[in-house]
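K.L.:
Its first residue numbered 345, the sequence shown is counted upward by one per residue in my numbering.
Below: one structure in structure tokens.
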Amino acid sequence: MKASEFKPKQQEHDIQVACVNWFRYRYPKFLIWAIPNGGQRNKIVAKKLKDEGVLAGVPDLHIPVAMKGYHGLYIEMKAGRNKPSDEQLTIMGKLQNEGYKCVVCWSLDEFMKVVEDYMK
């Protein structure tokens with residue numbers, strides 16, 4: 345199946361999986377984790393998660409490594425023509441105000457460049 349045949353959410357999923365796998369191979373001594381804010385859930389589970397503190401707009405990935413004057417790196421993954429939502433832009437702005445670097449990536453290559461530049 346060609347990348348262009350994937351639905352945007354599936355394509356975003358596949359790119360994010362590749363990014364996490366690459367990071368864990370390239371930087372085995374450092375942490376990276378996903379923040380599962382999206383996805384389809386039934387109303388009961390969605391309410392429980394919201395009550396527990398899930399917050400719409402938080403970027404997909406977090407690398408909790410202080411570098412270059414930042415406390416850590418947050419990355420929002422996108423695919424196709426998708427763009428960050430207003431909620432995502434607001435949350436990323438707040439994170440940046442608190443000293444975190446926030447970036448949007450649309451591909452594994454872009455992710456690798458962002459991470460390599462950050463981790464140098």
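C-beta atoms are modelled at their ideal positions from N, C-alpha and C, and glycine is treated no differently.
1. Applying the criterion that 16 or more other CB atoms from any shown protein chain within 10 Å of the CB defines a buried residue, is Ala400 buried or exposed?
2. Is it buried or exposed for Asp404, if we count other Cβ within 10 angstroms and need 16 for buried?
3. Between Ile359 and Ser451, which are expected to be in contact by the criterion C-beta below 8 angstroms, what is the C-beta distance as a whole number of angstroms?
4. Under a three-way DSSP split, which group does Ala378 fall into?
5. Here's the rule I'm using: 16 or more other beta-carbon atoms within 10 Å means buried, otherwise exposed. How should Ala390 be labelled?
6. Please find out if some non-hydrogen atom of the ligand FAD comes closer than 6 angstroms to the beta-carbon of Ala410.
P.N.:
According to the data block:
1. Position 56 of the sequence shown, counting from 1, holds the residue named residue 400. Exposed: under 16 other Cβ atoms inside 10 Å.
2. Position 60 of the sequence shown, counted from the first residue, corresponds to residue 404. Classification of Asp404: buried, given that the 10 Å Cβ count is 16 or more.
3. For the purposes of this step, residue 359 is taken as the residue at position 15 of the sequence shown. For the purposes of this step, residue 451 is taken as the residue at position 107 of the sequence shown. Correct: roughly 6 angstroms between the Cβ atoms.
4. Position 34 of the sequence shown, counted from the first residue, corresponds to residue 378. In the three-state reduction of the DSSP assignment, Ala378 falls in the strand class.
5. One-based indexing of the sequence shown puts residue 390 at position 46. Ala390 should be labelled exposed.
6. The ligand FAD is absent from the structure shown, which contains no ligands of any kind.
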